[in-house]
Each structure stands twice: as C-alpha cells, then as structure tokens.
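Q: Chains as they are written, first to last, in our numbering: chain A, 329 to 672; chain G, 33 to 742. Where is the CB? At the ideal position from N, CA and C, for every residue including glycine.
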C-alpha cells in the first residue's frame, strides 16, 4: 500500500509544480512584423515603447516570409501590424483580405505616391518610404575590366557586359519583379520581353533574393547588379567599392508599406503604432540607422545621402495593376517561358 | 510462474491506478484551457461554463475505474479501453470541431489527455494486444499519439494544399499539372539543353552526396576505431565541428576560398593568368558543401557500428587462416552493413532536405528544397506548388526508406551477445589503412582551413575586405557591463545577442533529452516488438526529417495556430518542432544499435522476472550508451542550428540564435554573424563534451592492449 501512496504523492507533486508554473500577465502591447533592416526595427521598437509605454513585440521577417506567415495564421492572427517591406506583398495581403482598411488622419501630409498606394488598396495599406530601382557596380572591377559604367537600360545590352550582370529571379524576388513590371511599363510588353531576352545573354546569374546581386557586386563576384539603389550605401559604409546609378530612360520604385492585420488582437495599440509610424519624428529612424529610402511624410527631414528623387526619371508606375496576383503570375510565367528557358 | 505472473499483474494494476488518480486530479484541479483570465478546471468548465462535453473525461475515468475493479482480465481491459477510448474520441472530436471558438488546451486538458492515452494503452494490453505487456502497449499508444499529432497532422495539413486548385477546390488536375510539368521533370540537360528539372537535380545531388558521405564517413570511422590510435581524438573532435556549425558558415567559407573573388581563384589568376569565373557555384559547390556538412553524421553512425562489432568474429576468421585483408572484406565489412545503409539513408535525406547550402552556393542550380522555399516566400505565393514539390520530396524519402528496408531485410547483424568477448579489435589491413589515411588527412586539413577562415571573420573589420583585427563584433553581440550599483549592481548583459543566446540554449536543452529519449524508445519498439502497422509507425518517425524545414514550419503554424492545440507564439512550439524535426536521428542511431544487440540479453532479463521497463533501464540502456550520446548530442546541436523550420515560429520573446544570425547575414553584417558563430561553436563543443562525459562510453567486456601488456 505504501507504493500506492507514493504514486499518489508523486502525481500530486507533479500537479502542484505544474499549477505553480502557470502565470498570467497583462500589459498593453502590440505585435509587429518588421520587414526592414534590423537596426531600424530595433530603434522603432525602443523609441515607441519608451514614448508610449506600449510594449512592442517585434519579429523580423522578409516581406515574402511575412506574407506567408499572415496567410498561414489567417484563422487566428497573432500579428497586429506589418511594418515595411516592398509594397507588392502588402497589396497582395489587401487583395486576400488579410489586412483591414484604415484611413489615417495624417494621410494628406504624405507624398502623392504614398497616398496613391493607400487609395489603390482600398486604404488597407499605406506607403511609408520609397526607393528607386537602378544599377549597382563595383568600381574596382569596372576599372580593372575596363568597362564603362552603365547609365541606361540600353547600356546593359552591350556585349562587353556578358556574364557580368546579376539580377534576382522574378519568380522568387520582388525586386526583380519590379524590374520586369518597370520594363513592361517603360517599353510596352512585347518590346520589354525582347529587351529581357537580350539582357539574358549578359546575365551571369539570376540570384534568388533581391539583395543578392548588390552583395555579389560588393564582394567582387560580379561587376554590375540591378537592384534598389538604397541598398548600395549600406555596403559602401562597410568599406566595399560600390556605387549606384539610375537608368536614364526612367525607372520604377518600390513603395515600402505598412498594414494593420485583420483580426488584430491589440487593435487600439496597433492603430497608435500605425499613426506614430507616419509621423515625421518616427520616419527619421531609417536614415538614423543608415537606410536611405525616401520617407513618405513630406515634413520628414531628408538625409543628404537619400537619392534625390527630383533628379531621377520615374515612370508612372501602376501599382494597382502590376501589384495584382493575376498580372504578376502572368508576367512571371511569361518570363519563365520566353526568357529563362533560352540558352545563354 | 503463476506467482510471478500474479506479482506482475499486481504491479501493473498499481501503475494503472496511479494514472487514473493522476488524470482525475488533473481534470478536477488544473485549469483546462490556456487563456488569460479563464483558469476554471475541466470539472468547472463542464458544470458551470456550459461545456458539458468535457464531462466525458469524468465518465471515461469512471468507466475505467469500474474496469480496474473487475475480476477477469478481459473485463478489466474492456472497461479501461472503452472508458478511455470514448473520452478521447469525444474530447478530441469536440475540440477539433469547435476550432477557433474556444481557448487552446492548457495544462489540465493536456495531462487529462495523457492519462487517458495511458489508460487506453493499459486497456489494450489487458485485452491481449502487444502480448499483454503494459509497458509496450503504453509506449506504442503514446508514441503513436505524439507522431499523429505532431508529424502526421501538420504534414497532412500542409501537403493537402497540393490537391487544391487556385480557387481552393479539390482538383487532381491541378496536382497533375504541378507535379508533372517540365520545370520539375524536364530532361533538357541530357539533350544539351539549358537545365534539367528540379526533381532530377535533387535526386542526382542526393545520390552523389549520400555516396560520398557514406564512403568518407566509413573511412574516417575505420581510421578512428581500427587505425592509427593517435588520430582517434582529433578525428572525433574535428568530425563534430561541421555539425555544430551554423548552416551557412561552411558555405560562406567555401565561397571565400573558391568564389570568383576567393583566394583560390586569385592565386590561379596571379600564377597562371586564368581569369576568375564562377565555376564553383552550382552542383559541384553544393555537393562539396554537403559532403563537408554531412560526412560527420555518417561518421558518427558508422563509428558506433564499428565499435560494436565483436572482435572475436574477426579473430575466428584469422584463426581459420584468413589474412587481415580477407577477414576485413568477408567478416568486418558485411557486419558494417546496417551502419552503411543507415548512413546512406541519412545522407540522402539530409541532402534532399538541405536548404542552407544550395541557397548559398547553388547559383542557378535549383533543388526541390529551395524551390519549395521560394514558392512560399517568393514573389508568387503559391502554396499549392510548394506542397506538390514537398510531396515529391517525401516520395523520394519513402523510396529510399523502402529500399533500405528491403536491403537490410531480416539479415542478422548481432554481435553483442550476453557472452563476454575477449577479442582484440583487429587493425586495418595495410592497403586499406593507406587508402583511409589518403582520404582522411586531406579532409582534416580542409576542415581546418575553412574553420580558420570562419574564425578569422569574427575578428576582422570586414570579412573579405578589410582585415584589420578587431573585437568590435564581439562587443556588439556580447557586451557585458557593470550594472548601476544603485539598482543592485551586478552584471548587465548589454550585448544584442544575449537574449537570443539564452533562449536558444534553454529551448535546445529542453528539446534534446525528450528527442533522444523518444527516439530511442521508438527505435526499441521498432526493433524489439511486433505489432500491426509497425512499418507505418517507423515511416512516421522518419517523415519530419524528409519534409523541407520551411514546409514543416508553415505546417506547424497551420496546425497549431488554432485551438484545441494552440501553441504558436510560445517557446513550446519551438521545442516541439526541435524534437520532432530531429527525432529521426535518435531513431536511426537506436535502430542501428539494436540490430547489434542480441535479443537473448533482453530475454535473460525477462526470465529473471524483470519487467519490461526494468529490462530497458538496466540492460538495454547501458548497452545503448554510444547511441544515446549520439542522439543527445545530435538533437542538441541540431536544435541550436535549425533555421528554416523555425523561421515562422520564432517570436519577439523567443528569438533564436540562428534567426538572429540570419538577420545579420541578411544585412551583410558578417562580422557579428561570424563572431556569434564562434561563440556558438565553443559553447556547443562544451555541451557535447559534457554530454559525452555524463553519458559515458559503453563498457564492453573487451581487453585493451594496455591491459593485455600488464
């Protein structure tokens, strides 16, 4: 019988220990997925928590991963706000009813492109920064190989660049898809595909991630990349010989966006965060952490290292059309079929 | 005999009664749900909070109790099984049917379910299943339930996406289109075209890698165990290094060596004027990186088997005038078979599930795991395609698994018997010894070179650019400051990496024993018991390994984001993911070991009236020490270095070392990333040494040379 008692005692002990382990906590908080650079995310987290007393649970994820997570969590969302990352996945989230419509009072203070992003999504997302698409090149390698610095899309077709250009694969990277959409809008679809077939001959590698090519440029793995120009200064600050240019014919840009998740558990705190992120004060932290995109609030002081948008020729990028899933799928599969299947 | 049996039944009964009390107490005393502000126990929820279906637990325990009091075995069994089974069906059925409109199951619910499972096992044993053995029955029921919940359910949820077309309707045409297309199965490269389908790429790479790692691993194992004794220690240490290395370090090191701007190409250019190209990127680079990463696993598997081969068999061969060479090829090598096949299987599966190496050095050579990843997180979110590709991956794993079963079959590899063995391990034949050394020494040198690169990276300003020595990266990550003495003084962990480091250590340490224990238990069930559906059971235990990490991560969100089992956002889901992702290694290590241990040892113990759990603890476990150590070490380090499976599971509070490092690499901040890797490698080496110290070597009755001399 003592064995019986011991069994019961053991069970009771385990239960008591387990009961003690359950604790409850309560403090206002907001769960944010942050798709910009880590230092930037950390600064936002600290400053917002200090100035409002709301705890920010921040997880860092690329925009593709963030969208995949929101879709997977759809039935029972654990995220409140999705901050940053290319606009297309935000538009896709809006299209899939993953985010809620919310019209901020500070919308009129924003640049036209940021407001347009909001309008086109039915106010389910809003632009928080923008950066142009362009070329990055390795100054040492260009000199060594006696290459001219590419100044236009047309330049990239020159035979001297054969095997020296890297761009990401549009099927896996939003950056590369922005390039496809830009070229289609710039030249017309059929001409754009003719152009990309020509470009294909000069491409050394289609990388998978959008930032891959500029890193390859930095480390001398390739001479030229097609990337967002705001990715350049970061590499340069690390001491790599990288410079960027924007093409003369005109170029597209990404609109980094922010959305509130549908069914957010901390809706009030989420809105507070959202409003705060649109203020000029909050938008300075990009430049403060060496990220040189153009902030969307017109009142934000602009760092001199941010590329001057007035000097860049932009095309009138139709984010609604080229951000939709159907158009994206169609263009990508045409690219796979017409361009990527060709020999080089 | 009847007396013994009676004692056994009495003891069984006490155990069952214990579980009954435990379950009832959990139901009455502990909060059923895990929800802030709702700590009502199961009993209260059922009576007061309008959830009467929870009463089925009480009814189940009642029926089981009645069964326990019954006089015949059959009635006892019926009562236990029916009561527990009914309660489980009602509780789980209602839980899944209600879904998101309830809180997730908490401690009370979980423990009640556990007790019910145990009672179900006990009931089936009483009814004569599993030869009436209580321990076996409960172990099978528990392991099956865990595999169903944490492997089958999420994987089925994720893979079912393959059968849905874009509108979300079930469609076989969509599946056929996704699986059968040219991009997956094209054979263009054979006909001089641009590329082959990803499926062929994956298969080809996996075969190359598995062959390479098995061969190299075996050679190293032979040198370590039977060759030069001086090499044993360094080999054991260096072989461990690649496993305790976070996944991309090897890839990056190789790029710095062989990349276009890498040292090898620069030397070739200055010496022979060969223009640097990107020749390294592609199949060859991935193969080299995988060889480097997975050879140690093959080594660990084969080493355990080599050590276990009874020397007296080889001595017998030599007594019969076989020379060392002949003895090796006709006795030793055939006895190595379970190790070789297991090493091949694990190498193959590691290769097809590998994500880090193909993504870093693959260039345009795509494999299924990377394509799956980009189908999910790429520019076109296409879960259907991801699921279809994952389905192909699982099919490959299944095929190799099946082939391995066929090859190994029912052959007998037992060499550890109850009889003491006084043989001395035979040294390798001289020719083979030279061959082994010719393969092993360059590999060791290569390892050292790549690691020197990786370590240096953490101590210089910018890797690949500015080689000024600095400790800056370590300070960023692991700064410790003297805290303000006004607020209690003490040390303050000011570095940005501390948080993720502590979390990772905690979660990995929690996962490793569970993973190793469960793995060995499953291996024991597979090797020593007979029951229907055993093959399926074995495959289930292996499945989580073959599924690409990203798919597993997403499937965990799909399955565990909604009640009744709502785990996402907690550390627990990460621990569970660690355990079931790495479970196959524990199972494999255990299976190979069990094939060598003579069943008569178990039987002798049973004859001496030990019950099953005693036999396991006193006889089997001590003989399994190398396997246990391998499983523990492997589960721990794999948990520390998992990336793709947990990317979707980490939260702000539970950031892991790997996700922190990946973030840094994403920023091009290699210095901090490599500094962190250095710290991780040192920490994990300590942990590995500690585990091996605690678990110890298996003490086999073998003479050592030194002993023989005295």
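DSSP state of residue 245 of chain G, grouped into three classes?
A: helix
Q: Report the residue from A:671, A:496, A:592, A:544 whose alpha carbon sits nearest the alpha carbon of residue 535 of chain A.
A: A:496
Q: Any Cβ of chain A within less than 8 Å of the Cβ of residue 35 of chain G?
A: Interpretation of residue 35 of chain G is limited by its pLDDT of 48, a score under 50 that renders its predicted location unreliable; the figure taken from the coordinates is listed afterwards. Chain A, which has no Cβ nearer than 8 Å to the Cβ of residue 35 of chain G, makes this no.
Q: CB-CB under 8 Å to residue 202 of chain G, same chain, minus the five flanking residues each way: which ones, in chain order?
A: Within its own chain, the residues whose Cβ lies closer than 8 Å to the Cβ of residue 202 of chain G, once the five positions on either side in sequence are excluded, are 195, 196, listed in chain order.
Q: Output the distance between the C-alpha atoms of residue 397 of chain A and residue 628 of chain G, rounded to the nearest integer angstrom.
A: 45 Å
Q: Please go through the same chain and pick out, in chain order, the residues whose beta-carbon is closer than 6 Å to the beta-carbon of residue 418 of chain A, but skip the five residues on each side of it.
A: 453, 585, 587
Q: Which chain A residues are close to residue 406 of chain G, counting only those with a beta carbon under 7 Å from its beta carbon?
A: 499, 500, 536, listed in chain order.
Q: With a threshold of 8 Å between beta-carbons, can residue 531 of chain G be considered close to chain A, or not?
A: The beta-carbon of residue 531 of chain G is placed no less than 8 Å from the nearest beta-carbon of chain A.
Q: In angstroms with no decimal places, state the Cα-to-Cα distance between residue 420 of chain G and residue 237 of chain G.
A: 20 Å
Q: Determine the burial state of residue 626 of chain A: buried for a count of at least 16 other Cβ atoms within 10 Å of its Cβ, exposed for fewer.
A: exposed
Q: Is there a C-beta anywhere in chain A that falls below 8 Å from the one on residue 297 of chain G?
A: no
Q: Between the beta-carbon of residue 246 of chain G and the beta-carbon of residue 372 of chain G, is there less than 8 Å?
A: Residue 246 of chain G is a Cβ neighbour of residue 372 of chain G, given a cutoff of 8 Å.
Q: At a Cβ threshold of 8 Å, is residue 708 of chain G touching chain A?
A: no
Q: Which residues of chain A have a Cβ atom closer than 8 Å to the Cβ of residue 313 of chain G, listed in chain order?
A: 533
Q: State yes or no: is the C-beta of residue 48 of chain G within less than 8 Å of the C-beta of residue 154 of chain G?
A: Result yes, Cβ atoms of residue 48 of chain G and residue 154 of chain G sit closer than 8 Å.
Q: Beta carbons nearer than 8 Å to chain A: which residues of the stretch 570-593 of chain G have them?
A: 586, 589, 590, 593
Q: Does the distance from the C-beta atom of residue 651 of chain G to that of residue 671 of chain G stay below 8 Å?
A: no
Q: Taking all protein chains shown into account, decide if residue 44 of chain G is buried (16 or more other Cβ within 10 angstroms of its Cβ) or exposed.
A: That one is buried.
Q: Any C-beta of chain A sitting closer than 8 Å to the C-beta of residue 601 of chain G?
A: In terms of beta-carbon proximity, residue 601 of chain G lines the interface with chain A, with at least one pair separated by less than 8 Å.
Q: So what's residue 461 of chain G in DSSP terms, helix, strand or just coil?
A: coil
Q: Kindly list, in the order they appear in chain A, the residues whose Cβ is closer than 9 Å to that of residue 498 of chain G.
A: 566, 567
Q: Less than 8 Å between the CB atoms is what I'm expecting for residue 169 of chain G and residue 148 of chain G, so what's the real figure, rounded?
A: No, residue 169 of chain G and residue 148 of chain G are not in contact; Cβ-Cβ is about 14 Å, not under 8 Å.
Q: Per DSSP, what are the beta-bridge partners of residue 185 of chain G in this structure?
A: Answer by DSSP bridge pairing: none, since residue 185 of chain G is not bridged.
Q: Which first and last residues belong to the beta strand (DSSP E) in which residue 456 of chain A is found?
A: 453-466
Q: Tell me residue 387 of chain A's beta-bridge partners as DSSP assigns them.
A: A:361
Q: Can you tell me where the beta strand (DSSP E) with residue 583 of chain A in it begins and where it stops?
A: Where residue 583 of chain A is concerned, the enclosing beta strand (DSSP E) stretches over 581-588.
Q: Please list the terminal residues of the continuous beta strand (DSSP E) segment that includes residue 411 of chain A.
A: 409-411
Q: Going by alpha carbons, who is nearest to residue 387 of chain G out of G:675, G:481, G:689?
A: G:675
Q: Is it true that the CB of residue 230 of chain G sits closer than 8 Å to the CB of residue 126 of chain G?
A: Contact flag unset, no.
Q: Beta carbons nearer than 8 Å to chain G: which residues of the stretch 387-404 of chain A have them?
A: 387, 388, 389, 390, 392, 393, 395, 396, 397, 399, 400, 401, 403, 404
Q: Thinking just about the alpha-carbon of each residue, which of G:42, G:682, G:206 is nearest to the one in residue 610 of chain G?
A: Selected option, being the one with the closest Cα: G:682.
Q: Quick one: measure Cβ to Cβ for residue 82 of chain G and residue 158 of chain G, integer angstroms, because I've assumed they're closer than 8 Å.
A: The Cβ separation is near 36 Å, so there is no contact.
Q: I need the DSSP call for residue 382 of chain A, collapsed to helix, strand or coil.
A: coil
Q: Can you check whether the C-beta of residue 366 of chain A is within less than 8 Å of a C-beta belonging to chain G?
A: yes
Q: Compare the C-beta of residue 530 of chain A with all C-beta atoms of chain G and state if any pair is closer than 8 Å.
A: no
Q: Which full runs of the beta strand (DSSP E) of 3+ residues lie inside the stretch 78-120 of chain G, going along the chain?
A: none
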